[in-house]
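Asker: Pasting in a structure now, in structure tokens, and then I'll have a few things to ask.
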Amino acid sequence: MKNVYLFEICDVTAQQVKLPYSTGLIWGYCHLNETIVENYKLDGWFYYREDMEEIIERLDNPSVIGFSDFVWNTQYDHKIAKRIKERYPNCVIVFGGQGTPKADRVSNFFRESPYVDIAVHGEGEVTFEDILIENLKEKPDFKNVLGCSIRNSDLSAHTTLPRPRIDDIDSMPSPYLDGLFDSLVENKDHEYDFEGAIETVRGCPYRCTFCDIGDLYFQKIKKQSNEKVFKELDWLVENSVEFLYNADSNFGMFKEHKDIVKYMTDLKSKTGYPDNIRVDWAKAKADKVIDLAKLLTDANMMKGITIALQSMSPEVLGAVRRKNIDGGKLKLFFDLYKDENLKTYIELILGLPKETVKSFKDGIFEILDLEYYDYIGVYPMTVLPNTPFAEPEYVKEYGIDVTETLPAFFHHDYPQGMKDETSLMVVGHKTLTRGEYIEMSMWRWLFMFGHNLGYLQYTARFLKSTHKIEYRKFYEKFYTYMIDNPNTLVGREYLATMKRFKGIIKRTEYWGRSIDEVKKDYYWDFEEATALVFSMNENEWYKDLSGFLKQFELDKEVEDDILNFQHLFVSNPFQTYPVKKEFNYNIKDVLFENKTLKNSGYQYTFDNKNYNSDLKKWCKEMMWWGRRNMQHQSKVL
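Residues in the sequence shown are numbered consecutively from 203, following this note's numbering.
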């Protein structure tokens, strides 16, 4: 028997690890072939970071090793593949997945990675099967295998004819249903909980330049049957998998998806599993997804509906081959979701071509002026190797400036295991210098802690309602206040965050910030770190905010009321809830019902979850896990 090993390395986050779904699909298909069953044994399956030398010691004369390569494991994969090749030179090393270059970009791949024998392009199930069959021959010639590139002796690439996409993915085996994951769960050698993934469709009709699914190869959508998906969900429930990731690019696009959601919510009601699901919703399809979102929200399974805008600038959207719904219809969507009491979250990308600091800020303020008060996620632009952002012509057209940083991820339990990984980040282009990129990142940080996490939102809304101070004026004044007051708490936070961004671009710092008083070497997103600092220095933070408000010349009682409301409305790990508080003014009515400010004496009760000073748990649950559905907001009665 020949030994096969599979690698689909992911990171441990919040003591959870992903089931290796991609390689599970591939090996499940290969295992249908009797010749493979008779001649090969899957002798090892590696799916989370371990010491490389320990893994290599567990290998036993490997014949073929398959790597499912992604942006988060590329360096790990290549480093261990090189070591394996040095020890087992006759082993056939196969790379595929998102991190492996497409056929038209593979020319230098083997010169840079001479330890790799074969690069698979596109779907890997049938291609990997053919590689295993060819490998059984006395003199294998992998140039007979479609859909891949083979390393020549001079390190050039021989690319074979493309392999057609799988026509009927519903007929393909599932690692949940064919027993593969059963053995993985039964024989697990770690203490982590598993996360699962399901795929109801494969493909995407859109062509966004920042996404590798936007390639023409994936434009035709292929479906799985609901019956198959139901059985996979049953397996996940039987194995107590709490978190589920839906791998569809546009969930809710098809009417069958409602039946899948109903099935999931029924399972949750009966068994408690799955507890939560992450969904990428169909673009600009509010009328189609709202019923699905209501079902998931009522079952407490969802953090909010994605509204993927990426940018509010028409010029930027043109550069990335995307079109958004117009502002008028967007407001209708906001109101529709609000009427149904559904939380939403907007997604924007920082650093897209043709974006400027001004257009980025304009976009944020345009959203706020539409009275959108839910979560806005702003994500730095990561270059994926099979997108136009890695094409010389596209890079030249927009003058895209890409730099290599440490991985652009947060919340890792073992950050030292990632120190050799890299992310390729867009940090500038023709309309954005590196300095302006840092400035844009600082504005992102301000919007994230100020608006999303709530530390300024309610004060800004109050001033807009009572004093006609626009959001742009409020936030620009606050940005200036931070710069002009470096000795204040918020001024020091500004400088600390700025320093991190400068170090990140130089590849001397991890993304995020570690707050050692909470947990050493654990990197929170920037705004989460600031929330922790504010919570530990609450009096100083509200002293800063009071100092900022002096320029607006508020009545002392009004200022005290809005500061108290702002303070109690944002979750506090040191506060015991519920809290009753007397107010002179009707702050709640002004904020949430646009009523006129009145001084008649009011009492409000603020309620939220108690954390008994547990900063780490509070920040994870409120500022990380709960941010998308604004769990940090207290209930006010």
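Don't be surprised by glycine CBs; every beta carbon is placed ideally from N, CA and C.
These figures come from a predicted structure and were not determined experimentally.
1. Got a sec, what are the start and stop residues for the alpha helix (DSSP H) Glu325 sits in?
2. Closer than 8 Å is the cut-off here; do at least three beta carbon pairs connect the region 715-733 with the region 816-829?
3. Closer than 8 Å by C-beta to Cys410: which residues in its own chain qualify, once you throw out the five before and the five after it? Chain order, please.
4. Suppose the cutoff is 6 Å on Cβ atoms and the five residues either side in sequence are ignored; what does the same chain contact list for Lys284 look like?
5. Output yes or no for whether 7 Å exceeds the beta carbon distance between Ile566 and Phe649.
6. Classify Met504 as buried or exposed, calling it buried when 16 or more other Cβ atoms lie within 10 Å of its own Cβ.
7. Identify which residue in Ile707, Asp450, Pro476 and Gln805 has its Cα closest to the Cα of Arg636.
8. Looking only at its chain, what residues have a beta carbon closer than 7 Å to the beta carbon of Ser716, apart from the 5 residues adjacent to it on each side?
9. Under the DSSP definition of a beta bridge, which residues are partnered with Ser625?
10. Can you tell me whether DSSP reads Phe209 as helix, strand or coil?
11. Looking at the unbroken alpha helix (DSSP H) that takes in Ile258, where does it start and where does it end?
12. Evaluate Asn654 with the Cβ neighbour count: other Cβ atoms within 10 Å of its Cβ, from every protein chain shown; 16 or more gives buried, anything less gives exposed.
13. Mind the definition here: the region 232-248 touches the region 294-304 only if three or more C-beta pairs lie below 8 Å; say whether that holds.
14. Taking the beta strand (DSSP E) that Lys782 falls in, what are its first and last residues?
15. Alpha carbon to alpha carbon, how far is Leu386 from Met254? Give it in angstroms, no decimals.
16. My guess is that Phe272 and Val296 are in contact by the Cβ rule of under 8 Å, so how many angstroms apart are they, rounded?
17. Taking the C-alpha atoms as reference points, what is the distance between Leu552 and Ser265?
18. Around the Cβ of Ser802, are there at least 16 other Cβ atoms within 10 angstroms (buried) or fewer (exposed)?
19. Considering just the uninterrupted stretch of the alpha helix (DSSP H) at Leu751, what are its terminal residues?
20. Comparing C-alpha positions only, which one of Gly298, Asn275 and Asp319 sits nearest to Tyr290?
21. Just grab the DSSP bridge partners of Gly601 for me.
22. State buried or exposed for Arg251, treating a residue as buried only when at least 16 other CB atoms are found within 10 Å of its CB.
23. Within this structure, are the beta carbons of Thr589 and Asp414 separated by less than 7 Å?
24. So, with DSSP's three-state summary, where would you put Gly693?
25. How about the region 664-681 and the region 618-631: do they share at least three Cβ pairs that are nearer than 8 Å?
26. Here's the rule: buried if 16 or more other CB atoms are within 10 angstroms of the residue's CB, otherwise exposed. What is Thr237?
27. Kindly indicate which three-state DSSP category His834 falls into: helix, strand or coil?
28. In the structure shown, what three-state DSSP assignment does Lys243 receive?
29. Mapping the DSSP letters down to three states, classify Trp483 as helix, strand or coil.
30. Can you find the residues in the same chain that come closer than 7 Å, C-beta to C-beta, to Asn346, ignoring five residues on each side of it along the sequence?
31. Return the bridge partner residues of Trp726 from the DSSP annotation.
32. Which of the three DSSP states, helix, strand or coil, is assigned to Lys424?
33. Is the Cβ-Cβ distance between Ile368 and Tyr278 less than 7 Å?
34. Just the Cα atoms here: how many angstroms apart are Val403 and Glu325?
35. Judging by CA-CA distance, which residue of Gly520, Ile569, Val491 and Lys425 is the nearest neighbour of Glu542?
36. Would you list the residues sitting across from Ile848 in a DSSP beta bridge?
Answerer: Walking through what the data contain:
1. Run containing Glu325: none; DSSP gives neither H nor E here.
2. yes
3. Gly416, Gln512, Val522, Arg523 and Arg524
4. Tyr317
5. yes
6. buried
7. Ile707
8. Lys722, Asp723, Tyr724 and Tyr725
9. Thr607
10. strand
11. Met254 to Arg260
12. buried
13. no
14. Val781 to Tyr787
15. 20 Å
16. Incorrect: roughly 15 Å between the Cβ atoms, too far for contact.
17. 44 Å
18. exposed
19. Glu740 to Leu751
20. Asp319
21. Per DSSP, none; premise fails for Gly601.
22. buried
23. yes
24. helix
25. no
26. exposed
27. coil
28. strand
29. strand
30. Glu336
31. Arg715
32. strand
33. no
34. 14 Å
35. Val491
36. Only positions 203 to 839 of the chain appear in this structure, which leaves residue 848 out of reach.
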